[in-house]
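Here the protein sequences come in this chain order: A and B. Here the first sequence is numbered in our numbering, starting from 637 and rising by one per residue. Here the second sequence is numbered in our numbering, starting from 637 and rising by one per residue. Glycine included, each C-beta is placed from N, C-alpha and C at the ideal position. What follows is a set of notes on a single structure, which appears directly below.
Number of protein chains: 2
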Amino acid sequence: MSTRACVVLLSGGLDSTTCLAWAREQGFECHTLAIDYGQRHRVELEAAARVAAAQGVRDHRVVRIDLRSIGGSALTADVDVPKGRDESAMAADVPVTYVPARNSVFLCVALGLAETVGATELVAGMNVLDYSGYPDCRPEFVRAFEAMANLATRAAVQGARFTVHTPLMQLDKAGIIRLGVSLGVDYAATHSCYDPSPAGLACGACDSCRLRAKGFRDAGIPDPTRYANPL
Amino acid sequence: MSTRACVVLLSGGLDSTTCLAWAREQGFECHTLAIDYGQRHRVELEAAARVAAAQGVRDHRVVRIDLRSIGGSALTADVDVPKGRDESAMAADVPVTYVPARNSVFLCVALGLAETVGATELVAGMNVLDYSGYPDCRPEFVRAFEAMANLATRAAVQGARFTVHTPLMQLDKAGIIRLGVSLGVDYAATHSCYDPSPAGLACGACDSCRLRAKGFRDAGIPDPTRYANPL
Numbered sequence: 637m638s639t640r641a642c643v644v645l646l647s648g649g650l651d652s653t654t655c656l657a658w659a660r661e662q663g664f665e666c667h668t669l670a671i672d673y674g675q676r677h678r679v680e681l682e683a684a685a686r687v688a689a690a691q692g693v694r695d696h697r698v699v700r701i702d703l704r705s706i707g708g709s710a711l712t713a714d715v716d717v718p719k720g721r722d723e724s725a726m727a728a729d730v731p732v733t734y735v736p737a738r739n740s741v742f743l744c745v746a747l748g749l750a751e752t753v754g755a756t757e758l759v760a761g762m763n764v765l766d767y768s769g770y771p772d773c774r775p776e777f778v779r780a781f782e783a784m785a786n787l788a789t790r791a792a793v794q795g796a797r798f799t800v801h802t803p804l805m806q807l808d809k810a811g812i813i814r815l816g817v818s819l820g821v822d823y824a825a826t827h828s829c830y831d832p833s834p835a836g837l838a839c840g841a842c843d844s845c846r847l848r849a850k851g852f853r854d855a856g857i858p859d860p861t862r863y864a865n866p867l
Numbered sequence: 637m638s639t640r641a642c643v644v645l646l647s648g649g650l651d652s653t654t655c656l657a658w659a660r661e662q663g664f665e666c667h668t669l670a671i672d673y674g675q676r677h678r679v680e681l682e683a684a685a686r687v688a689a690a691q692g693v694r695d696h697r698v699v700r701i702d703l704r705s706i707g708g709s710a711l712t713a714d715v716d717v718p719k720g721r722d723e724s725a726m727a728a729d730v731p732v733t734y735v736p737a738r739n740s741v742f743l744c745v746a747l748g749l750a751e752t753v754g755a756t757e758l759v760a761g762m763n764v765l766d767y768s769g770y771p772d773c774r775p776e777f778v779r780a781f782e783a784m785a786n787l788a789t790r791a792a793v794q795g796a797r798f799t800v801h802t803p804l805m806q807l808d809k810a811g812i813i814r815l816g817v818s819l820g821v822d823y824a825a826t827h828s829c830y831d832p833s834p835a836g837l838a839c840g841a842c843d844s845c846r847l848r849a850k851g852f853r854d855a856g857i858p859d860p861t862r863y864a865n866p867l
């Protein structure tokens, strides 16, 4: 078993793309995993494949999990994606774009892939600041997941120790963008919008678009995002 | 939120069918969840639907998760299912029918469904005795999963406490069968075989068939299983 292999959860968005660049910088051999969970913004799956190819990963896999059968989120069910909210409104409550148990499910699939490819390092883009409304983005959740992973698996029974790396946990969006740019990330290949146009252009108004645009402004870095309506 | 609602992971096998009968006996309103994970023994999905209908559940859902993209198990990949092993051989190691992180993934999906339907009770058929080779069947794994669930979810942030019930944990197969018969379970509707015939008949030789047949013998209860080759 290689101790330097990792599985990176890669959505094709700004955060996970930065995570992948971070993992490569660590010297990890990177296996990337995108989850097709019936999300409305399916163009991000194409972005994930583009990013994986651009960064030269060992292999990129897509696992289909039809979370639409469960419902409960604006990202998978027929609930409107909120638009035009300011940051205080985003931070006030768990947002409707929360997908029940999504990060838990995704990390578990990453764990299964890690066992299969002989990796013990998982890398994911959870972040307490911009996504404070998502309970499964908190450090205490990540530690609890690690504890479970180290009891759940054949590899752990045989002595492996799984670690979940969350290099973005304490960064704001501008900090993430600065980190990525320092690692050579081309953010034009990434996709963040929850409600893109049929051509895949960003709406500019959903929470994800607004946080992303503000991040580029705060970082003083030109925003390469292609918007349906220029901001 | 109803405190009496539960989600039962229902594979259509003997164990999970007994769990469902146990949950109904507790007075829980039962939502059942079957996972279509690309298993070879897909006839069990039909058994799950039959069992759910026979036991009058609130609703039955099937979630597709294509774990074949990950591989690593005789149940999902092109690895032969072992046949004709005795119990000491089954207990000697983690079996090739182990699916990496399967129970973790399934419980997480059940957790997401529980959040959506307002349930806090999860019921699953893990068992330390017959399945001692599966690390994610141990009580310490279940407790670690609960700890994670109570940090992962919006419901937990809002004060809910999730509990994973594993009523079969300390029972041997004969004990499970006796419990189910006492609760009125008709095991003819269930399916256990890892390698059924095209007509859905049990092979009688895989680990799962052998444990099931021995359970009926030990319990002194007639085995209603339809075998491809009479035992």
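Chain B within 8 Å of residue i, Cβ atoms only
i: Ala728 of chain A; result: Because Ala728 of chain A sits at a pLDDT of 48, beneath the cut-off of 50, its placement in the model cannot be relied upon, and the following sentence gives the value as read from the coordinates. With 8 Å as the cut-off, Ala728 of chain A does not count as an interface residue toward chain B.
i: Ala737 of chain A; result: yes
i: Leu703 of chain A; result: yes
Residue i classed as buried or exposed, judged by whether at least 16 other C-beta atoms fall within 10 angstroms
i: Ala689 of chain A; result: exposed
i: Ala750 of chain B; result: buried
i: Ala824 of chain A; result: exposed
i: Gln691 of chain B; result: buried
i: Arg790 of chain A; result: buried
i: Gly795 of chain A; result: exposed
i: Thr799 of chain B; result: exposed
i: Glu680 of chain A; result: buried
i: Glu757 of chain A; result: buried
i: Pro736 of chain B; result: buried
i: Arg774 of chain A; result: buried
i: Gly663 of chain B; result: exposed
i: Ala780 of chain A; result: buried
i: Ala785 of chain B; result: buried
i: Ala835 of chain B; result: exposed
Any chain A beta carbon closer than 8 Å to residue i
i: Phe781 of chain B; result: yes
i: Phe777 of chain B; result: yes
i: Asp772 of chain B; result: yes
i: Ile857 of chain B; result: no
i: Ser638 of chain B; result: In this prediction, Ser638 of chain B has a pLDDT of 45, which is less than 50 and means its spatial position is unreliable; what the coordinates show is noted afterwards. Answer no: the Cβ-Cβ gap between Ser638 of chain B and chain A never drops below 8 Å.
i: Phe852 of chain B; result: no
Those residues which DSSP pairs with residue i across a bridge
i: Val698 of chain A; result: A:Ala670
i: Val764 of chain A; result: In the DSSP output, where bridge partners are listed per residue, Val764 of chain A has none listed.
i: His827 of chain B; result: Looking at the DSSP assignment, His827 of chain B forms no beta bridge with any residue, so it has no partner.
i: Thr752 of chain B; result: Partner(s): none; Thr752 of chain B has no beta bridge.
i: Thr799 of chain A; result: A:Glu757
i: Tyr770 of chain A; result: The partner list for Tyr770 of chain A (beta bridge, DSSP) is empty, contrary to what the question assumes.
i: Asp645 of chain B; result: The residue you asked about is not Asp; residue 645 of chain B is Leu in the sequence shown. Partner(s): B:Leu669.
Distance CB(residue i)-CB(residue j) smaller than 8 Å
i: Ala755 of chain B; j: Cys642 of chain B; result: yes
i: Gly748 of chain A; j: Leu703 of chain B; result: yes
i: Ala657 of chain B; j: Leu837 of chain B; result: no
i: Cys839 of chain B; j: Ala855 of chain B; result: no
i: Val745 of chain A; j: Ile671 of chain A; result: yes
i: Asp772 of chain B; j: Asn739 of chain B; result: yes
i: Val741 of chain B; j: Val741 of chain A; result: yes
i: Val753 of chain A; j: Gln806 of chain A; result: no
i: Cys655 of chain A; j: Pro860 of chain A; result: no
i: Thr826 of chain B; j: Val687 of chain B; result: yes
i: Ser871 of chain B; j: Gly649 of chain B; result: Nothing about residue 871 of chain B can be reported from this structure: the residues present for chain B run from 637 to 867 only.
i: Leu787 of chain A; j: Phe777 of chain B; result: yes
i: Leu761 of chain B; j: Asp831 of chain B; result: Here residue 761 of chain B is Gly; the residue named in the question, Leu, does not match the sequence. For Gly761 of chain B and Asp831 of chain B, no; Cβs fall outside 8 Å.
i: Gly851 of chain B; j: Ala810 of chain B; result: yes
i: Leu669 of chain A; j: Arg697 of chain A; result: yes
i: Ala684 of chain A; j: Ser647 of chain A; result: yes
i: Ile857 of chain B; j: Val817 of chain B; result: yes
Residue-level contact to chain C via CB, residue i, 8 Å cutoff
i: Gly811 of chain A; result: Absent from the structure is chain C; the protein chains it does hold are A and B.
Contact list for the region 810-837 of chain B against chain A, Cβ threshold 7 Å
Shown here is that no member of the region 810-837 of chain B has a Cβ falling below 7 Å from a Cβ of chain A.
Short-range partners of chain A found in the region 666-699 of chain B, where Cβ spacing is below 8 Å:
Going along the region 666-699 of chain B in chain order, one finds Arg697, Val698, Val699 with a Cβ nearer than 8 Å to chain A.
Positions along the region 784-802 of chain A whose CB lies within less than 7 Å of some CB in chain B:
Taken in chain order, the members of the region 784-802 of chain A whose beta-carbon sits within less than 7 Å of a beta-carbon on chain B are Met784, Leu787, Ala788, Thr789, Arg790, Ala792, Val793.
Mind checking the region 740-756 of chain A against chain B and listing, in chain order, the residues whose C-beta falls within less than 7 Å of any C-beta there?
Under the 7 Å Cβ criterion, the region 740-756 of chain A contributes Ser740, Val741, Cys744, Val745, Leu747, Gly748, Leu749, Glu751, Thr752.
Positions along the region 643-656 of chain A whose CB lies within less than 7 Å of some CB in chain B
Going along the region 643-656 of chain A in chain order, one finds no residue with a Cβ nearer than 7 Å to chain B.
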